[in-house]
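Chemist: Shown below is the structure under consideration.
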Amino acid sequence: MLHNRRQFLRQGAAVAAMVSAATLPGCVVQGPRRGGATPAALMGSGVPTLAPVKASPDRITGVYVCTRPFRAAGPRIELEKIGPKAVVHNYGHGGSGWSLSWGSGALALELAMQTGARELGVIGCGALGLTTAILAQRAGLPVTIYAKQLPPDVLSMRASGLWTPDSRICDAAHAPALADRWEAMARTSWRNYQSMLGLPGNPIQWIEGYSLSDYPRGHEPPDPVNDEPDYGKFHQRVADLTPHSVDLPPGSLPFKQHYTRRYTTLMFNIGTYAHMLVTDFLTAGGKIQVREFHHPSELVALPEATLVNATGYGARALFGDESIIPVRGQTARLIPQPEVTYGLNTPHLSMVPRSDGLMVQVLDDHGQFNNADTTPVRAVSEEAVRSLASLFA
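According to my numbering, the residues represented by the sequence shown are 160 to 552, in order.
Written out as C-alpha cells, the structure reads:
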C-alpha cells in the first residue's frame, strides 16, 4: 500500500513537472520535432522536456582513468590458506564491482564464517572491501580494513556510476558456469540498493536515460575494430528488476539520431555513496589502517586469523594472479547541472547525470583491453565532450 502510494505520488509529480515545463515562461523548450510527433502523442508516451547539457571542453573539471579487473572465468570468490591465515579472495569483477558488491560480499563472508572467524581483516577499501566489511559487522564481527589508499583515491571511485551487473564480468565461454552464481549476487545486491533509495544525498537513485542511434535496434553495423573478447551477457536473467526500455516516436526528443529508446536504471552517486559507506563502517566501530602490502607473506603479521582480499586489480601484483586483465577506462567530469536528470548512451559515448558532475565516457576507445596505463589523455575526453554537444539538434 505504501509503495503504491509513493509510486502514485511520483507519477503525479512527473506529470505536474511536464505540464509546468510546457506552460511556464522561461522554461526549456525543445527544438522543432522531426517525424510529426504531436504534443498529445508525446504526453501519451511520457516523453519529458529535457534540459540541455552544457557540453564544452572548458567545463571539464577532471579526467580520470581506472583499470577494470577482468577475469575470463569471472570474479574470484574462494578460500585459500596462506601460512596460518585463511584468506578469502573477493576480486575480479570487471566493470561490475559496484553493482555486484553486496552479493559478492555476502558470498565472501559466508566463506569467512566457515573458518570460525571471530574477527575479520579486510584488505582493500574500494567497493568490494567496504561492503564486505559492513556485512561482517552486521554479522557481529569486529573488522579492520587495511588499505594502501582510501576513498576518494581508490580506483573504483573512478567508475561512471551505473547499475551494470554484467559489464565485463566474464568471457562468453565461462558464462554458463557463472550464470547462477551471478544471478544470486545481482539479486542480493539489488535488494540492498532498494533500502538506500531516498537517503540524504541520494547515494542511490533511479534515473531515466536515452539510447540514441542512427539505426533501428538490432541492425547496428558491427564495430570494425574490436580488440576485446565476447563477454558473458546475463542481463535477461534479471530483466524483472528494472522497467523495460521503450522505443520513442521519431523526432520526439532534441537529438540528431533518428532512433531513440528510453531506459530506466539505478545510478550511484559514488562520492556520496562511498562517504556513506565509510561513515557507516566507522560508526559501527570499524577501524581503518593505511598500509601497503607487497607480498602475501606480509599478511601473516596481521592479528586477524581470517582475511578478505578485496584488492581488485591490485591482486595481480600482490598475489601474482595473471588471470586478471586490466581494461582501461577513462571518464571526464563536467560541472554539475542539477537540472540535467537524464542519462545518454550512444554506440560511442555515455553520459551519467551524477550529483557531483556529468560523467562522460568514451565507449569505442580501442586499445584499452590489457592496458594498465592510468595516465589520463585529456584530448580524448575533450573530443568526447564535443561529440556529446553534437548529439543535440
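C-beta atoms are modelled at their ideal positions from N, C-alpha and C, and glycine is treated no differently.
Just so we're clear, the structure is a prediction, and the values are computed from it rather than from any experiment.
(1) Hey, quick one: how far does the beta strand (DSSP E) through L517 stretch, first residue to last?
(2) Look at the alpha carbon of S326 and the alpha carbon of R450, and state the distance between them as a whole number of angstroms.
(3) From the DSSP output, in three-state form, read off F528 for me.
(4) According to the neighbour-count rule (16 or more other Cβ atoms, all chains shown, within 10 Å of its Cβ), is Y374 buried or exposed?
(5) Let me make sure I understand the geometry here. Which of N504, P512, F551 and I483 has the alpha-carbon closest to that of M493?
(6) With distances taken between CB atoms, is the gap from R420 to D406 smaller than 7 Å?
(7) Please classify V281 as buried or exposed, where buried requires at least 16 other C-beta atoms within 10 Å of its C-beta.
(8) Per DSSP, N385 is paired with what?
(9) Taking DSSP as the reference, what is the three-state secondary structure of V212?
(10) For L337, which residues from the same chain have a beta carbon less than 6 Å from its beta carbon, with the 5 sequence-adjacent residues on both sides left out?
(11) Ignore the nearest five residues each way along the sequence and tell me which others in P243's own chain have a CB closer than 6 Å to its CB.
(12) Grouping DSSP H, G and I as helix and E and B as strand, with all else coil, what is M316?
(13) L201 by DSSP, collapsed to three states: which one?
(14) Cβ of K213 within 7 Å of Cβ of T303?
(15) Roughly how many angstroms separate the alpha carbons of A318 and L461, rounded to a whole number?
(16) Cα-Cα, which of T533, E387 and F414 is closest to A231?
(17) From this set, S549, F393, G516 and F478, which residue's C-alpha is nearest S456's C-alpha?
(18) Using the beta-carbon count (16 or more within 10 Å), is C186 buried or exposed?
(19) Using DSSP bridges, identify the partner residues of S248.
(20) Taking the straight line between their C-alpha atoms, what separation do you get for L294 and P301?
(21) Using the three-state DSSP reduction, which class does A553 fall into: helix, strand or coil?
(22) Within the region 274-311, note down every full beta strand (DSSP E) run reaching 3 residues or more, in order along the chain.
(23) Alpha carbons only, please: which of H378, D515 and L503 is nearest the one belonging to A548?
(24) Taking the alpha carbon of S348 as the reference point, which residue from S411, P409 and L266 has its own alpha carbon closest?
(25) Relative to the C-alpha of Y501, which candidate in P216, C284 and Y422 has its C-alpha closest?
(26) Going by C-alpha distance, which of L358, K240, N529 and D480 is nearest T274?
(27) Where do the ends of the beta strand (DSSP E) carrying R492 lie?
(28) If the criterion is Cβ atoms closer than 7 Å, does the pair G251 and A286 meet it?
(29) Please determine, among F414, D524 and I429, the residue with the shortest C-alpha to C-alpha distance to G360.
(30) Applying the 10 Å Cβ sphere with the 16-neighbour rule, what's the burial state of R376?
(31) In angstroms with no decimal places, state the Cα-to-Cα distance between H394 and A245.
(32) Per DSSP, what kind of secondary structure is D406 in: helix, strand or coil?
(33) Considering only residues of the same chain and omitting the five flanking positions on each side of P535, which have a CB-CB separation below 7 Å?
(34) Are the Cβ atoms of Y472 and T226 separated by less than 7 Å?
(35) Taking just the CA atoms, how far does A491 sit from S546?
(36) Given I483, which residues of its chain have a CB within under 8 Å of its CB, disregarding the five upstream and five downstream residues?
Modeler: Based on what the coordinates show:
(1) G516 to V521
(2) 30 Å
(3) strand
(4) exposed
(5) Inspection of the sequence shows that residue 493 is occupied by Leu rather than by Met. Residue P512 is the option with its Cα nearest to L493.
(6) yes
(7) buried
(8) DSSP lists no partner for N385.
(9) coil
(10) G233 and C329
(11) none
(12) helix
(13) With a pLDDT of 42 at L201, under the threshold of 50, the modelled position of this residue cannot be trusted, and the question is left open.
(14) no
(15) 30 Å
(16) E387
(17) F478
(18) Note that C186 scores a pLDDT of 31, beneath 50, so its modelled location is shaky; the value from the coordinates is reported in the next line. C186 should be labelled exposed.
(19) Reading off the sequence, residue 248 comes out as His, not Ser. In the DSSP output, where bridge partners are listed per residue, H248 has E237 and N468.
(20) 11 Å
(21) Since the first residue shown for the chain is 160 and the last is 552, residue 553 is missing from the structure and cannot be characterised.
(22) 279-282 and 302-306
(23) L503
(24) L266
(25) Y422
(26) K240
(27) I483 to L493
(28) no
(29) I429
(30) exposed
(31) 34 Å
(32) strand
(33) V222, Y223, V224 and Q489
(34) yes
(35) 13 Å
(36) P228, F229, R230, Y250, G251, Y472, A474 and R475
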